[in-house]
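Novice: Under UniProt numbering, residue 429 is the last one in the sequence shown; the count climbs by one each step, no gaps. Take a look at the following structure, please.
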Amino acid sequence: MSSTLKKSWSFAEVQALPAGEHDFFDRKSGSIWGDTDFKVKLAKALSAFANSGGGHLLLGVADDGTLDGVPAFQKRTPSREWLEQAIPNLLDPTLSEFRVHEVTGITAGDLQEGQTLLVVDVSDSVLAPHQARNAKQYYYRQAGHSVPAPHFYLETLRRRATSAVLFAEFTGAKVIRAIDSGYKRQLQVQLTFDVKNCGNITPKYWFVEFLQNGKRVEGDGALIRHSFPYTALRRPDPNAVHNRTILPGLSCVYRDAIGIEFNIQEATQSNFERNLDEFFAQFNKFESRVVTDSGPCPSHGMSIEYLKDATTYSEFSDWCSRFDSSVGRGRLIPGVRLRELDIGEYHDITDHVDFSGMLENDSEHEYEELHIAISFMDKDDNLLHVELKEIGRWKKGLRKPFNGWVTAGKVWEYAQIDVTAFDMKWLSH
1 MSSTLKKSWS FAEVQALPAG EHDFFDRKSG SIWGDTDFKV KLAKALSAFA NSGGGHLLLG
61 VADDGTLDGV PAFQKRTPSR EWLEQAIPNL LDPTLSEFRV HEVTGITAGD LQEGQTLLVV
121 DVSDSVLAPH QARNAKQYYY RQAGHSVPAP HFYLETLRRR ATSAVLFAEF TGAKVIRAID
181 SGYKRQLQVQ LTFDVKNCGN ITPKYWFVEF LQNGKRVEGD GALIRHSFPY TALRRPDPNA
241 VHNRTILPGL SCVYRDAIGI EFNIQEATQS NFERNLDEFF AQFNKFESRV VTDSGPCPSH
301 GMSIEYLKDA TTYSEFSDWC SRFDSSVGRG RLIPGVRLRE LDIGEYHDIT DHVDFSGMLE
361 NDSEHEYEEL HIAISFMDKD DNLLHVELKE IGRWKKGLRK PFNGWVTAGK VWEYAQIDVT
421 AFDMKWLSH
């Protein structure tokens, strides 16, 4: 039985509910109790909760939290019992997973004499979708309100009995790295989702895919999925099919990456911002959907604001310091090649890990204040430590060795390494 169905409700619990409008509970003033359309309004709220995973309906509490109560009795029948008898007949199919509570702990000064507070708990119904019988309308909860449910949402609910239904809610984004290929720049953006099993079937396999204008994002283009140039030291498979079990009603965190590609002729703050503005003007509607062994689940929109926030930096140099290229092809910034990179063994006496390498400048550029950043990451792509090394002035056609050490405690669990090169003089232009 769903945890939405509580054993009881106390006055303190009612008072402790957060202010404002929420998807998991709704306040209704006691003034609706005597309305001629009271059952119509009640059916609307119950339909919305039953079709949205469950929730709590408070009767006798206004939207602003003011307590006005409802009659303790309906004629000679306690209002709680009267409501229990009325609710099953308000929806099609009949609602069975619910409880009606009379709030305990109310003192004489809290409400007028003869008044009480009622709370109706509604579970996530296995028979959903439920239609409000009188209005002949299906509802669901959205932004703290009970609103008519769209067709795709109803189809999702109906599929739950025979097919796996998973939703991927987009919850955040962050830039992992940026790449400069000499004529194009690409941002690798890690997307985070909360994947929830909204049905009654547990899928064997599943993965999340991204849609732009209804088409799957893949291959070349301004938005890249498969062909994003990962470094040779880390090659995650963006098409990986997951066999991680998600039982009905449960969820898990899922992460994947996309690439944002654009042209930029001159590396300046204004050019960079203009290119991002142009990108988001063209690509401003994204969708995600989960594909299971039962087939694709319904898609729904992704908030573009997460991507905008992730790609906004106050310091352009912060971005430029992230521009790197494929270590496997031996490129860092244009013309800089990484010929060698060795990570030494752990020294228990000094508690250090040594590193050394060789860079080659086969470009036509003379770098004035070249630096490199060696990034140590764990197996889950989390950044553990960045070690900066100053290379200095560097003429074209020359090789230059570098070496150093890092405290072992900072990189103890490292599994992947990236090397980025940037010219501080160039960044300041």
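Ideal placement from N, C-alpha and C gives every residue a C-beta, glycine not left out.
Buried or exposed: where does Y205 fall if 16 or more other Cβ atoms within 10 Å of its Cβ makes it buried?
Specialist: Translated into the one-based positions of the sequence shown, residue 205 becomes position 205. Y205 comes out exposed.
Novice: Where L383 and D35 are concerned, what is the direct C-alpha to C-alpha distance, given to the nearest angstrom?
Specialist: Walking along the sequence shown from the start, residue 383 turns up at place 383. Walking along the sequence shown from the start, residue 35 turns up at place 35. The straight-line gap from Cα to Cα measures roughly 60 Å.
Novice: Given that a residue counts as buried once 16 or more other Cβ atoms are within 10 Å of its Cβ, and exposed if not, what is D418?
Specialist: Here residue 418 corresponds to residue number 418 of the sequence shown, with the count starting at 1. Answer is buried; the Cβ neighbour count reaches 16.
Novice: Just the C-alpha distance for T311 and F279, rounded to the nearest angstrom, thanks.
Specialist: Within the sequence shown, residue 311 is the residue found at index 311, counting from 1. Within the sequence shown, residue 279 is the residue found at index 279, counting from 1. Cα to Cα, T311 sits roughly 11 Å from F279.
Novice: Skipping 5 residues on each side, what residues in its chain have a beta carbon closer than 7 Å to that of K308?
Specialist: Counted from its first residue, the sequence shown places residue 308 at position 308. The answer, listed in chain order, is F280.
Novice: Could you have a look at S299 and say whether DSSP puts it in helix, strand or coil?
Specialist: Along the sequence shown, read from residue 1 onward, the residue named residue 299 stands at position 299. Coil at S299, not helix or strand.
Novice: Quick check on DSSP: helix, strand or coil for K136?
Specialist: On the sequence shown, position 136 is the one that residue 136 refers to. Three-state result, K136: coil.
Novice: Would you give the residue range spanned by the alpha helix (DSSP H) that Y367 belongs to?
Specialist: Position 367 of the sequence shown, counted from the first residue, corresponds to residue 367. Premise fails: Y367 lies in the beta strand (DSSP E), 367 to 377, not in any alpha helix (DSSP H).
Novice: Between K44 and A132, which are expected to be in contact by the criterion C-beta below 8 Å, what is the C-beta distance as a whole number of angstroms?
Specialist: For the purposes of this step, residue 44 is identified with residue 44 of the sequence shown, where counting begins at 1. For the purposes of this step, residue 132 is identified with residue 132 of the sequence shown, where counting begins at 1. Yes, they are in contact, since the Cβ atoms of K44 and A132 sit about 5 Å apart, within 8 Å.
Novice: Suppose you measure from the CA of E387 to the CA of M377; what does that come to, to the nearest Å?
Specialist: As a first step, residue 387 must be located in the sequence shown, where it is residue number 387. As a first step, residue 377 must be located in the sequence shown, where it is residue number 377. Computed Cα separation, rounded: 12 Å.
Novice: Nearest to K28 by CA position, among A62, F38, V291, P71, is which residue?
Specialist: Walking along the sequence shown from the start, residue 28 turns up at place 28. Here the closest residue by C-alpha is A62.
Novice: Just reading off the alpha helix (DSSP H) that I304 is part of, what are its end residues?
Specialist: Mapped onto the sequence shown, residue 304 falls at position 304. Taken as a continuous stretch (DSSP letters only), the alpha helix (DSSP H) holding I304 covers 304 to 310.
Novice: In chain order, what residues of the same chain lie with their CB nearer than 7 Å to the CB of Y139, ignoring the 5 residues before and after it?
Specialist: Along the sequence shown, one-based indexing puts residue 139 at 139. Around Y139: K44, S47, A48, N51, A132, S146, V147, P148, A149.
Novice: Could you say which of L111, G53, V336 lies nearest to E364 if we only look at CA atoms?
Specialist: By 1-based counting over the sequence shown, the position of residue 364 is 364. Taking only the C-alpha atoms, the option nearest E364 is V336.
Novice: Among L90, N361, F286, L191, which has the Cα closest to the Cα of K136?
Specialist: Taking the first residue of the sequence shown as position 1, residue 136 is located at position 136. The candidate whose alpha carbon is nearest that of K136 is L90.
Novice: In angstroms with no decimal places, state the Cα-to-Cα distance between H352 and N271.
Specialist: The residue given as residue 352 occupies position 352 in the sequence shown. The residue given as residue 271 occupies position 271 in the sequence shown. Approximately 42 Å between the Cα atoms of the pair.
Novice: Helix, strand or coil for K28? Go by DSSP, reduced to three states.
Specialist: In the sequence shown, the residue the question calls residue 28 occupies position 28. K28 falls in the strand class under three-state DSSP.
Novice: What does DSSP give as the partner residues of P401 in its beta bridges?
Specialist: Position 401 of the sequence shown, counted from the first residue, corresponds to residue 401. Answer is M358, bridged to P401.
Novice: Hey, how far is the Cα of F25 from the Cα of R289?
Specialist: Position 25 of the sequence shown, counted from the start, is the residue given in the question as residue 25. Position 289 of the sequence shown, counted from the start, is the residue given in the question as residue 289. Going by the C-alpha atoms only, they are around 27 Å apart.
Novice: DSSP state of R225, grouped into three classes?
Specialist: Residue 225 sits at position 225 when you count from the first residue of the sequence shown. Residue confidence for R225 is low, a pLDDT of 46 falling below 50, so the modelled location carries little weight; the figure read from the coordinates is stated next. DSSP places R225 in coil when its eight states are reduced to three.
Novice: In chain order, what residues of the same chain lie with their CB nearer than 6 Å to the CB of R159, ignoring the 5 residues before and after it?
Specialist: The sequence position of residue 159 within the sequence shown is 159, counting from 1. Contacts found: V165.
Novice: Looking at C-alpha atoms only, which residue of K379, Q142, G357 is the closest neighbour of I391?
Specialist: Locating residue 391 in the sequence shown gives position 391, where the first residue counts as 1. The candidate whose alpha carbon is nearest that of I391 is G357.
Novice: Could you have a look at Y254 and say whether DSSP puts it in helix, strand or coil?
Specialist: The sequence position of residue 254 within the sequence shown is 254, counting from 1. Reduced to three states, the DSSP call for Y254 is strand.
Novice: Suppose you measure from the CA of V253 to the CA of V291; what does that come to, to the nearest Å?
Specialist: Stepping through the sequence shown from its first residue, residue 253 is reached at position 253. Stepping through the sequence shown from its first residue, residue 291 is reached at position 291. Whole-angstrom Cα-Cα distance: 16 Å.
Novice: Please classify W9: does DSSP put it in a helix, a strand, or coil?
Specialist: Position 9 of the sequence shown, counted from the first residue, corresponds to residue 9. Residue state, collapsed to three classes: coil.
Novice: Mapping the DSSP letters down to three states, classify S47 as helix, strand or coil.
Specialist: Translated into positions along the sequence shown, residue 47 becomes position 47. Helix at S47.
Novice: Do D121 and K6 have their beta-carbon atoms positioned less than 8 Å apart in this structure?
Specialist: Within the sequence shown, numbered from 1, the residue matching residue 6 stands at position 6. Within the sequence shown, numbered from 1, the residue matching residue 121 stands at position 121. Taking 8 Å as the Cβ cut-off, K6 and D121 qualify as a contacting pair.
Novice: With a threshold of 16 other CB atoms inside 10 Å of the CB of N361, please say whether the residue is buried or exposed.
Specialist: Taking the sequence shown and counting its residues from 1, the one referred to as residue 361 is at position 361. N361 is buried by the Cβ-count criterion.
Novice: Which partner residues does L166 have in the DSSP bridge list?
Specialist: Against the sequence shown, residue 166 aligns to sequence position 166. In the DSSP output, where bridge partners are listed per residue, L166 has N197.
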